[in-house]
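Trainee: Using my numbering, you'd call the opening residue of the sequence shown number 39 and step up by one each time.
All C-beta atoms, glycine included, are put in the ideal place defined by N, C-alpha and C.
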Amino acid sequence: EANRQHMSGVEIWANAVSTLVNRRFLSTTEIPTGGLLLVCLALATGALFLGTSLLAGAGLCVLAMAAYYAASRWFFVRHDYLLLTFVPLCLMPTNYSLITAYRFFTEEREKRRIKSIWSRYLDPTLVEHLLENPETQGLGGTRAMVTVLFADVRGFTAMAEHMEPADVVRLLNDYFTAMSAVIHAHGGIVDKYVGDAIMAVWGVPFACPDGPERAARAAAEMLRALEDLNERWQSRSPAFLEGGSAGEGPARTDPGHAREGALQISIGIGINTGEAVFGNIGSPHKMDITVVGDAVNVASRLESLTKEYGLPILIGENTESAVRNLVATRYVETVSPRGREEPLRVYAIDPEAAGRGPEPPEAS
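1. From V330 to V239, what does the alpha carbon distance come to, in whole angstroms?
2. May I ask you to report which of helix, strand or coil DSSP gives N318?
3. What residue range is occupied by the uninterrupted beta strand (DSSP E) comprising A238?
4. Considering E371, what are the terminal residues of the beta strand (DSSP E) in which it resides?
5. Is it buried or exposed for D118, if we count other Cβ within 10 angstroms and need 16 for buried?
6. At 3 residues or longer, and completely inside the segment 201 to 277: list those beta strand (DSSP E) runs for me, N to C.
7. What is the residue span of the alpha helix (DSSP H) that R339 lies within?
8. From Y213, F188, E251, pick the residue whose C-alpha is nearest to that of G230; which is it?
9. Can you have a look at C128 and say buried or exposed, based on whether 16 or more other CB atoms are within 10 angstroms of its CB?
10. Are three or more beta carbon pairs between the segment 317 to 331 and the segment 263 to 273 nearer than 8 angstroms?
11. Report the option in A333, E379, T367 whose CA atom is closest to the CA atom of V186.
12. Is the number of C-beta pairs between the segment 318 to 326 and the segment 348 to 362 that are closer than 8 angstroms three or more?
13. Mapping DSSP to helix, strand and coil, what is N363?
14. Which residue comes first and which comes last in the alpha helix (DSSP H) that contains R116?
15. DSSP three-state call for E68: helix, strand or coil?
16. Nearest to L340 by alpha carbon, out of A263, D190, R208?
17. Could you spell out where the beta strand (DSSP E) holding T123 opens and where it closes?
18. In terms of DSSP beta bridges, what is F188 paired with?
19. Can you tell me whether F87 is buried or exposed, with buried defined as 16 or more other CB within 10 angstroms of its CB?
20. DSSP three-state label for R141, please.
21. When you compare each of E346, A253, R141 to V365 by their alpha carbons, which one comes out closest?
22. In terms of residue numbering, what span does the alpha helix (DSSP H) encompassing E22 cover?
23. Considering only the alpha carbon of each residue, which of A263, D234, M260, G226 lies closest to G249?
24. Look up R181 in the DSSP assignment and give the residues it is bridged to.
25. Once you ignore the five residues that flank L169 on each side, which residues in its own chain have a CB closer than 8 angstroms to its CB?
26. Just to confirm before moving on: does the CB-CB distance between L267 and A204 stay below 9 angstroms?
27. Where does V55 sit, in a helix, a strand or coil, going by DSSP?
28. Using a 10 Å radius around the Cβ and a threshold of 16 neighbouring Cβ atoms, would you call F143 buried or exposed?
29. Sort out for me which residues DSSP pairs M325 with in a bridge.
Shown next, in the form of structure tokens:
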């Protein structure tokens, strides 16, 4: 034990006598002073941690502990004052942990609330991206390679004239729910609903190199989903919408057409791939997070041509070059859309082939 002593007994007595003679007694922190010190530390560090990010808060916590320990040593050496040390050094990391937990639960709850509200108006994938990347919420505008899909119910205005308002709403809600589920399943986002039309995009807010293939397969599955909807509507209400087919002509059974009672429902789908601008577009009173550009206009034009050619799915040249080795495509015609300098080569894809995966290589 003797070899562990830092000071001999004589030295201890000498220091004691020196303390009495010079009246340099050690002072300790009184309970009221210590309590006030702890309250001030808790408030100061709490405000500091709340105003910084989690990583910066952790660094500040370490610096604050080091600074407090250095201050306590300085008071002891220079002023013979025993500053309360252990409890404050434990208080700071505890305070940081509690504030971190509080911020996590409150921010997560707020994110869930915002997502629940805005997912009704924006695509859930886009809402999730904005919540995880707050710095992009301005969306001043970026260029991206996108694949755009337009799908429209043909002759919907004439149909709606023969339907009850509640039936119009129910039909559109059923239709949009089914189509949106297919689009999401293939990695796309629903950009907007325009009347009875739906616009979907692949490539924003995340790059999607296989967007053309995903869109083609989504289009084929949308046609099959329409057939399933028709069967469900018929089983639920055989007389639903009867009489709404006036002037529509005889029923057709090809893909993209479905019957509901005496009414024929048909959709056309246009797909195009190209560069577009993605951003928050609109007026101060109403903004829309969307894509604009020639690629979007061409996709809309292709959708409108489906009725003219009697084909359910038409695609642009860029999309065709991306999927030609994956699905069956055929050239239809070259057209010159109004307002576009370059002619547009129009292709069609086989819905059945688009719904399948790539053909396996032939055995050698």
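Mentor: Put simply:
1. Reading the sequence shown from its first residue, position 292 is the one you call residue 330. Reading the sequence shown from its first residue, position 201 is the one you call residue 239. Their backbone Cα atoms lie some 11 angstroms apart in a straight line.
2. Against the sequence shown, residue 318 aligns to sequence position 280. The answer is strand: DSSP assigns N318 an E or B state.
3. Reading the sequence shown from its first residue, position 200 is the one you call residue 238. Run containing A238: 235 to 240, per the beta strand (DSSP E) assignment.
4. Working through the sequence shown from its first residue, we reach residue 371 at position 333. Looking at the DSSP string, the run of the beta strand (DSSP E) that includes E371 is 367 to 373.
5. Position 80 of the sequence shown, counted from the first residue, corresponds to residue 118. D118 should be labelled exposed.
6. 227 to 232, 235 to 240
7. Taking the sequence shown and counting its residues from 1, one reaches residue 339 at position 301. From DSSP, the alpha helix (DSSP H) with R339 extends over 332 to 347.
8. Locating residue 230 in the sequence shown gives position 192, where the first residue counts as 1. In the sequence as displayed, the identity of residue 230 is Lys instead of Gly. Cα-wise, what sits closest to K230 is F188.
9. Along the sequence shown, read from residue 1 onward, the residue named residue 128 stands at position 90. It is exposed - the Cβ of C128 has fewer than 16 other Cβ atoms within 10 Å.
10. no
11. On the sequence shown, residue 186 is found 148 positions in, with the first residue counted as 1. Taking only the C-alpha atoms, the option nearest V186 is A333.
12. no
13. Position 325 of the sequence shown, counted from the first residue, corresponds to residue 363. Looking at N363 - three-state DSSP - the assignment turns out to be coil, as it is neither helix nor strand.
14. In the sequence shown, counting from the first residue as 1, residue 116 sits at position 78. Per DSSP, R116 belongs to the alpha helix (DSSP H) from 92 to 117.
15. Indexing the sequence shown from 1 puts residue 68 at position 30. If DSSP states are grouped into helix, strand and coil, E68 belongs with coil.
16. Residue 340 sits at position 302 when you count from the first residue of the sequence shown. With distances taken between Cα atoms, L340 lies closest to D190.
17. For the purposes of this step, residue 123 is taken as residue 85 along the sequence shown, with counting starting at 1. No beta strand (DSSP E) holds T123; DSSP gives it neither H nor E.
18. Numbered from 1 along the sequence shown, position 150 holds the residue referred to as residue 188. Paired residue(s): M237, G308.
19. Counting from one through the sequence shown, the residue named residue 87 turns up at place 49. It is buried - the Cβ of F87 has at least 16 other Cβ atoms within 10 Å.
20. Start at 1 with the first residue of the sequence shown, and residue 141 comes out as number 103. R141 falls in the helix class under three-state DSSP.
21. In the sequence shown, residue 365 corresponds to position 327, counting from 1. Per the Cα distances, A253.
22. The chain is shown only over 39 to 402; residue 22 falls outside these bounds and no answer can be derived.
23. Your numbering for residue 249 matches position 211 in the sequence shown. Closest by alpha carbon: G226.
24. Counted from its first residue, the sequence shown places residue 181 at position 143. DSSP, once it has assigned bridges, lists V315 as partnering R181.
25. Here residue 169 refers to the residue found at position 131 of the sequence shown. Hits under 8 angstroms: K149, I152, K153.
26. For the purposes of this step, residue 267 is taken as residue 229 along the sequence shown, with counting starting at 1. For the purposes of this step, residue 204 is taken as residue 166 along the sequence shown, with counting starting at 1. Going by C-beta atoms, L267 is not nearer than 9 angstroms to A204.
27. One-based indexing of the sequence shown puts residue 55 at position 17. Three-state DSSP puts V55 in a helix.
28. Counting from one through the sequence shown, the residue named residue 143 turns up at place 105. Exposed, because fewer than 16 other Cβ atoms sit within 10 Å of the Cβ of F143.
29. On the sequence shown, residue 325 is found 287 positions in, with the first residue counted as 1. Bridge partners of M325: G320.
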